[in-house]
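For reference, the structure discussed in these notes is given below.
Residue numbers (our numbering), protein chains in the order written: chain A, 1 to 113; chain B, 1001 to 1205.
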């Protein structure tokens, strides 16, 4: 008798397999599952700290103050020395074809001397 | 159920019972817990049975089942079509089992209350409970992929095509795994299989 003949038939194996345990899941599995889902969902929500937003009219206050200061300075004439015409001189010396800084310096020194 | 209703989340919990898996998946992707609860109720028993068989009856099977559904909740878009949902859950559960027992190989299995001694007991009373435990034990000794193939086809009554799709292998490969699993079982039962069958026949009479 060879080895194959000693083994049980497929039909017999199926009869034995039919007796294997059919596991049953716990009765409250679904409730526990959904509780876990709720927990996961709650953990996924990150609470950002509430940003303090200043009142909108407060933002305009420094701008209005800056405008008022500008108008007052302009009207009082105290910014006259800051204007471009008072801050520059018209060049009176012809410095020719200066090709660099040294040329300019020597031209000016030559004029002074 | 219309897509509009799903999008607006207007469906009440009782109406989800009639919804298709595709509608439930769409709603679950929008974090609708009622729709997801319905999906869980439809599939958790099968996923638990498969996990239990792969864990060889270990209590981790329930954790694995929960973890598989949690992954679905967190990444619903990984399942592209509803028809592939069960296969996706099976693959996730299988990978989770493999990962767990790769990390802590067999030591937990030995502590599991459900595991029976795989050795045949001479003179033991071969009632159905004994045979059930003996069958669980010999199935647990099969290689993982053979065990999964046998579980899907024999215990979950999936077709060869569906089981092969779930395992992401060809039908030929699945049939080969099944054949090797059955031969392995027959070899392991060569010593006491006939006496168990005889006990069954006696009980039948």
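Ideal placement from N, C-alpha and C gives every residue a C-beta, glycine not left out.
Remember, predicted model here, so these are calculated numbers, not experimental data.
Spell out whether any CB of chain A is found under 9 Å from the CB atom of residue 1090 of chain B.
-> At a cut-off of 9 Å between beta-carbon atoms, residue 1090 of chain B makes no contact with chain A.
What are the start and end residues of the alpha helix (DSSP H) that includes residue 1023 of chain B?
-> Note, residue 1023 of chain B: alpha helix (DSSP H), 1021–1029.
Per the contact definition of three or more C-beta pairs closer than 8 Å, is the segment 1048–1057 of chain B in contact with the segment 1025–1037 of chain B?
-> Result no; under three Cβ-Cβ pairs closer than 8 Å.
Which residues mark the beginning and the end of the alpha helix (DSSP H) in which residue 1157 of chain B is found?
-> Careful: residue 1157 of chain B lies outside any alpha helix (DSSP H) and carries neither H nor E.
Taking just the CA atoms, how far does residue 1182 of chain B sit from residue 1144 of chain B?
-> For residue 1144 of chain B and residue 1182 of chain B, the distance between alpha carbons rounds to 13 Å.
Using the beta-carbon count (16 or more within 10 Å), is residue 1186 of chain B buried or exposed?
-> Around the beta-carbon of residue 1186 of chain B, 16 or more other beta-carbon atoms lie within 10 Å, marking it buried.
Could you check how far apart the C-beta atoms of residue 117 of chain A and residue 1139 of chain B are, in whole angstroms? I think they sit under 8 Å.
-> An answer regarding residue 117 of chain A cannot be provided, because it is not within the stretch 1 to 113 covered by chain A.
Could you check if residue 1049 of chain B is buried or exposed, using at least 16 other CB atoms within 10 Å of its CB as the buried criterion?
-> It is buried - the Cβ of residue 1049 of chain B has at least 16 other Cβ atoms within 10 Å.
Kindly give me the distance between the Cβ atoms of residue 1025 of chain B and residue 1085 of chain B, rounded to whole angstroms, as I take these residues to be in contact under 8 Å.
-> Distance from residue 1025 of chain B to residue 1085 of chain B at the Cβ level is roughly 7 Å; contact confirmed, criterion being Cβ atoms closer than 8 Å.
Identify, in the order they occur along the chain, each residue of the same chain with its Cβ nearer than 7 Å to the Cβ of residue 1016 of chain B, setting aside the five sequence neighbours on each side.
-> Scanning its chain for C-beta atoms nearer than 7 Å, with the 5 sequence neighbours on each side dropped, one finds around residue 1016 of chain B the residues 1024, 1034, 1035, 1038, in chain order.
Establish whether the CB of residue 1158 of chain B and some CB of chain A are separated by less than 9 Å.
-> In terms of beta-carbon proximity, residue 1158 of chain B stays away from the interface with chain A, with every pair separated by 9 Å or more.
Do you know offhand how far residue 67 of chain A's Cα is from residue 60 of chain A's?
-> Rounded to the nearest angstrom, the two C-alpha atoms are 11 Å apart.
Counting along the chain, where does the alpha helix (DSSP H) carrying residue 1177 of chain B start and finish?
-> In the DSSP assignment, residue 1177 of chain B falls within the unbroken alpha helix (DSSP H) covering 1171–1188.
Kindly indicate the opening and closing residues of the alpha helix (DSSP H) around residue 1046 of chain B.
-> Boundaries of the alpha helix (DSSP H) harbouring residue 1046 of chain B: 1033–1054, taken from the DSSP string.
Interface residues of chain B around residue 10 of chain A at Cβ under 8 Å?
-> Within chain B, the residues placing a beta-carbon under 8 Å from that of residue 10 of chain A are 1182, ordered along the chain.
Is the number of C-beta pairs between the segment 6–21 of chain A and the segment 1190–1203 of chain B that are closer than 8 Å three or more?
-> By the Cβ criterion, the segment 6–21 of chain A is in contact with the segment 1190–1203 of chain B, since at least three pairs of Cβ atoms, one from each stretch, lie closer than 8 Å.
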